[in-house]
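> Sharing a structure below in structure tokens format, with a few things to ask.
Numbering (mature numbering (1 follows the signal peptide of the UniProt record, and there is no 0)), first residue to last: -27 to -1, 1 to 101.
What follows is the structure, given as structure tokens:
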């Protein structure tokens, strides 16, 4: 029984190590950009390219009750997500639930990332 426990422990430990390494590799490929609005403006536009598992994170501060709208145009497979929130839909107004920092990430779906595809994009972030 001791041998089975040791094998189970090693298998679990190895699996966690592989997952951790994959997460670190993906996190290192996520470039961070601070969103800057021109004086009096409610929106900012950004262009970029991502390849494979790369992502770009656009960070900003907003207040509870403000509305976020993200529009992404892409040549390729790029998608935008509001990191940490499952209710966000790109192109639809989203009422921000709290005051604080937010992060919109541009990335590719798993099928495109695995194939190391390249996507270019233009994104507009609007907060009112």
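We treat Cβ as the ideally placed atom computed from N, Cα and C, and that holds for glycine.
Report the rounded CA-to-CA distance for residue 66 versus residue 99, giving the unit in angstroms.
In the chain shown, the residue the question calls residue 66 occupies position 93. In the chain shown, the residue the question calls residue 99 occupies position 126. Using only the alpha carbons, I get a separation of about 9 Å.
> Could you please give the first and the last residue of the uninterrupted beta strand (DSSP E) stretch that includes residue 22?
What you label residue 22 is simply residue 49 of the chain shown in a count that begins at 1. Residues 16 to 24.
> Which value, in whole angstroms, describes the spacing of the CA atoms of residue 106 and residue 41?
Residue 106 lies beyond the range of the chain shown here (-27 to 101); nothing can be said about it.
> Can you tell me which of 83, 78, 73, 94 puts its alpha carbon nearest to the alpha carbon of residue 34?
As a working note, residue 34 is residue 61 in the chain shown. The shortest Cα separation from residue 34 among 83, 78, 73, 94 belongs to 73.
> Tell me which same chain residues have a C-beta within less than 6 Å of the C-beta of residue 101, skipping the five on either side of it?
What you label residue 101 is simply residue 128 of the chain shown in a count that begins at 1. Contacts found: 15, 40.
> For residue 38, I'd like the list of residues in its chain whose CB is within less than 8 Å of its CB, leaving aside the five on either flank, ordered along the chain.
As a working mapping, residue 38 is identified with position 65 in the chain shown. So the qualifying residues of the chain are 68, 69.
> Can you list, in chain order, the residues of its chain whose CB lies under 7 Å from that of residue 28, leaving out five sequence neighbours each side?
As a working note, residue 28 is residue 55 in the chain shown. Result list for residue 28: 2, 3, 78, 79, 80, in chain order.
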